[in-house]
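Below is one structure, written out as C-alpha cells, with a few remarks after it.
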Amino acid sequence: MEKVGKLCIVLFVLSLTVSCSVRRDLVLSVDTISTLFATDAKGASSVIMTDDDEMNTLSYKKISEVIKTAGSDGIDEEIPKAIPKEEEIIFSSEPINEATAERMAGRTFFPGKEISLEELRYVLVGYYGFDGDYHQGELIVNKVIADDVIAIFRELYDNKFPIAKMVLASDYESDSHSMKDNNTSGFNYRKIDGTDRLSKHAFGLAVDINPLVNPHVTSSCIHPEEGSRYVNRGLNIPGMVKKYDLCYRLFTSRGFEWGGDWETSKDYQHFEFAGN
Ligand SMILES: [Zn+2]
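As numbered in this note's numbering, the sequence shown has no gaps in its residue numbers, which increase by one up to the final residue, 276.
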C-alpha cells in the first residue's frame, strides 16, 4: 500500500509538471478523464472534476470535445446528447428565414392563403423538460404575440413548468402526430377540427401546451385519441394545465383565452390570443 501511495504522489507531481507546460485547454489528467467517464448523463453538464475554475465551467459538450482532443477514440456512443447549459439557451424571435420556410412548406404553411410568412416569427425559447433538464425549444407564432410568448415561456422556464417537447409542427406528418407526441406548438395553417372555420393556429395566434396530457375533448371525440387517459383533470400529471395554475395565469394575463374554459368543448392544451 505504501508503495502504491508513493507511486500516486509521483504521478501526481508529474501530472502537475506536465500541466504547467501544456496549453491549459488541452490538459486533462488521467484522473479527470476517469471522472468524466464515470459521470452519468444527467449530472454531466455540471460535473466538477478539479478545483480549476476554468474546468468547472466547461459544458458537457465542450468536455466531450476535450476528451476527443485527448485522443480517446470510439467513445461517441457513450457520450449522451449534449444538453445545453442554462446560459446557452436562447430566448429570441426573428423573421422566418429560407430554411424554416422550407420546413413549413406544404405542411403548416401554404402560399397565397390568409397569412403570409412576413406576419410570422420564428421563436426560440427554453423549457424545462419532463426529464428534469433544460432544453432549447422552437415554435412559430404571429409577430403580434411573439414578445408575449417569449415572456410567458421565460416565466414557465424559470418556474420549471414541465414541457415535454417543443419543435415545429411541420416536423410531423400531421397535427395528430404532433399532439400524440405531446409536442408544444403554435402556428399551423389548419381548420378547427370538424368545422370549415380556420383555427387561430392558422394565424399563429394560438399555442398548444403539452397536447397529449391536455387533450381537446368534444362531445364526440378526444384529440389526440391517446389523450383519453388524461380527460380526468383531477389527476396530478406533470405538464397538465389547470385553471388558475401558472401556465393559465401567464397566458390569460396577456390577453389569451384558455380552451379549457370553453362551454361547447374543452381544449385543455389551447391558449388563443383574444386581443386585436
Ligand atoms: Zn390549439
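Cβ coordinates follow ideal geometry from the N, Cα and C atoms, glycine included. The structure displayed is predicted, hence computed values, not measured ones.
Our two residues, Val125 and Thr218, have alpha carbons roughly 31 Å apart in a direct line. Shown here, Glu102 sits in a helix according to DSSP, grouped into three states. His177: not part of any beta strand (DSSP E); member of the alpha helix (DSSP H) spanning Asp175 to Lys180, first to last residue. Ala164 sits close to Asn210, with the two beta carbons spaced by under 8 Å.
Under the 10 Å beta carbon count, Ala99 is surrounded by fewer than 16 other beta carbons and is classified as exposed.
In the DSSP assignment, Phe91 falls outside any alpha helix (DSSP H), carrying neither H nor E.
In the three-state scheme derived from DSSP, where H, G and I count as helix and E and B as strand, Val167 is classed as coil. Taking C-beta atoms as the reference points, Ser170 and Arg103 count as a pair closer than 8 Å. The three-state reading of DSSP puts Ser199 in coil, since its state is none of H, G, I, E or B. With 16 or more other Cβ atoms from the protein chains shown falling within 10 Å of its own Cβ, Gly137 counts as buried.
It is roughly 12 Å from the alpha-carbon of Met179 to the alpha-carbon of Val207. Within the same chain, and ignoring the five residues on either side of Ile115 in sequence, the residues whose Cβ sits closer than 6 Å to its Cβ are Phe203. Ile237 is the residue among Glu173, Asp148 and Ile237 whose C-alpha sits nearest the C-alpha of Phe161. Distances taken from the Cβ of Ala164 to the heavy atoms of ligand 1 include none shorter than 7 Å. Going by beta carbons, Leu212 and Asn159 fall outside the 8 Å limit.
Judged by the Cβ position, Asp267 qualifies as a neighbour of ligand 1 at the 7 Å threshold, a heavy atom of the ligand being closer than this.
Burial state of Ala146 is buried, judged by a 10 Å Cβ sphere holding 16 or more other Cβ atoms. Distance from the CA atom of Glu155 to the CA atom of Gly194, rounded to whole angstroms, is 34 Å. Judged by DSSP secondary structure, Arg121 falls outside any alpha helix (DSSP H) and instead within the beta strand (DSSP E) spanning Leu120 to Tyr128. Gly259 is a Cβ neighbour of His216, given a cutoff of 8 Å. Per DSSP, Phe273 is one residue of the beta strand (DSSP E) stretching across His270 to Phe273. With a contact defined as Cβ atoms closer than 8 Å, Ser185 and Leu139 qualify at about 6 Å. Lys242 places its beta carbon less than 8 Å from that of Arg233. In terms of Cβ geometry, His201 and Arg190 form a close pair [threshold 8 Å].
Looking at the backbone, the Cα of Ile90 and that of Asp131 are separated by about 19 Å. A heavy atom of ligand 1 is found nearer than 7 Å to the CB of Asp208.
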